[in-house]
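Asks: Taken in sequence, the protein lines are chains A and B.
With positions in the first sequence counted from 1, the corresponding number in the working numbering is that position plus 1497.
With positions in the second sequence counted from 1, the corresponding number in the working numbering is that position plus 340.
Mind having a look at this structure? Questions to follow.
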Amino acid sequence: KQEVTQIPAALSVPEGENLVLNCSFTDSAIYNLQWFRQDPGKGLTSLLLIQSSQREQTSGRLNASLDKSSGRSTLYIAASQPGDSATYLCAVGLSQGGSEKLVFGKGTKLTVNP
Amino acid sequence: GAVVSQHPSRVICKSGTSVKIECRSLDFQATTMFWYRQFPKQSLMLMATSNEGSKATYEQGVEKDKFLINHASLTLSTLTVTSAHPEDSSFYICSASIAGTSGIWSPETQYFGPGTRLLVL
């Protein structure tokens, strides 16, 4: 059974810092891996999607890496801003019967202090 | 593009009543819709996967007679929580996968709704 773990559970940093969020998964047979952002009481916003054949994806100040063989992914946020404060979720995609099943971690709650 | 809406955003009901939550894809056709549940400080857990015109596939441990899912069209899926109890109080989120490919959209990508907060008293 696929399990996704995110470390740390919570992180508080001053504005401007670069930071790394970690995600690990137990089964390397994944279809893809996504990083999402969730604001309190809200739905999910997809940040980056890495296909299983890729090693990284970049969008603006965000960079996500994927090491499938070791079951790890990292989300790097450069020059953090207070607006980055949210919970960041990692999810691995499993191909299942023609559709995709996502298995989520519990998330890392990020607070960026002005 | 790829907007998914949910209605209602928040609902409070009495124990024993049934509650219906709607999930709509506003600007695309979704062959597959997913329903997730999220308890406080926990991860999203997939409840069921529904394909338009066919019965939903439920995850292990999810009671299909309690959580009724209908996916009658390519733009609408509903989740009905029957005989709701306080332990059903949770945040319910739907997502939709796009049919076919169009530009940067991928059939593997799920687009998430804003969620529905259910409180059962």
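Virtual Cβ for every residue (Gly too), placed ideally from N, Cα, C.
Starting from the C-beta of residue 354/B, find all residues in its chain whose C-beta is less than 7 Å away, skip the five residues before and the five after it, and write them out in chain order.
Replies: Hits under 7 Å: 461.
Asks: Does the beta carbon of residue 385/B sit closer than 9 Å to a beta carbon anywhere in chain A?
Replies: By this cut-off, residue 385/B is an interface position.
Asks: Examine the Cβ distances between the region 1513-1532 of chain A and the region 1571-1583 of chain A and report whether three or more of them are shorter than 8 Å.
Replies: Judged by Cβ distances under 8 Å, the region 1513-1532 of chain A makes contact with the region 1571-1583 of chain A, as three or more pairs qualify.
Asks: With DSSP run on the structure shown, which of helix, strand or coil describes residue 1590/A?
Replies: Looking at residue 1590/A - three-state DSSP - the assignment turns out to be strand.
Asks: Would residue 1568/A count as contacting chain B if we go by Cβ distances under 9 Å?
Replies: By this cut-off, residue 1568/A is not an interface position.
Asks: Since residue 1559/A contacts residue 1544/A with CB under 8 Å, what's their CB separation in whole angstroms?
Replies: 6 Å between Cβ atoms; contact.
Asks: In the DSSP assignment, find the beta strand (DSSP E) that holds residue 362/B and state where it starts and stops.
Replies: From DSSP, the beta strand (DSSP E) with residue 362/B extends over 359-365.
Asks: By Cβ distance below 6 Å, which residues in the same chain neighbour residue 416/B in space, the five residues on each side in sequence not counted?
Replies: Excluding sequence neighbours, residue 416/B sits near 364.
Asks: Terminal residues of the continuous beta strand (DSSP E) containing residue 1499/A?
Replies: Careful: residue 1499/A lies outside any beta strand (DSSP E) and carries neither H nor E.
Asks: For the structure I just gave you, are there three or more beta carbon pairs, one from the region 369-378 of chain B and one from the region 1603-1611 of chain A, closer than 8 Å?
Replies: These segments do not touch.
Asks: Would you identify the three-state DSSP class for residue 1579/A, choosing helix, strand or coil?
Replies: Residue 1579/A falls in the helix class under three-state DSSP.
Asks: Would you give the residue range spanned by the beta strand (DSSP E) that residue 431/B belongs to?
Replies: From DSSP, the beta strand (DSSP E) with residue 431/B extends over 430-438.
Asks: Rounded to whole angstroms, what's the CA-CA distance from residue 1502/A to residue 1586/A? Just pull it up for me.
Replies: Cα to Cα, the separation comes out at about 10 Å.
Asks: Would you call the CB atoms of residue 374/B and residue 435/B closer than 9 Å?
Replies: Their beta carbons are under 9 Å apart, which means residue 374/B touches residue 435/B by this criterion.
Asks: By Cβ distance below 6 Å, which residues in the same chain neighbour residue 444/B in space, the five residues on each side in sequence not counted?
Replies: Here residue 444/B scores only 44 on pLDDT, less than 50, and its place in the model should not be relied on; the value that follows carries that caveat. Nothing meets the Cβ criterion.
Asks: Since residue 370/B sits in a beta bridge, which residues does DSSP pair it with?
Replies: The partner list for residue 370/B (beta bridge, DSSP) reads 438/B.
Asks: Among 377/B, 426/B, 451/B, which has the Cα closest to the Cα of residue 402/B?
Replies: That would be 377/B, whose Cα lies nearest to the Cα of residue 402/B.
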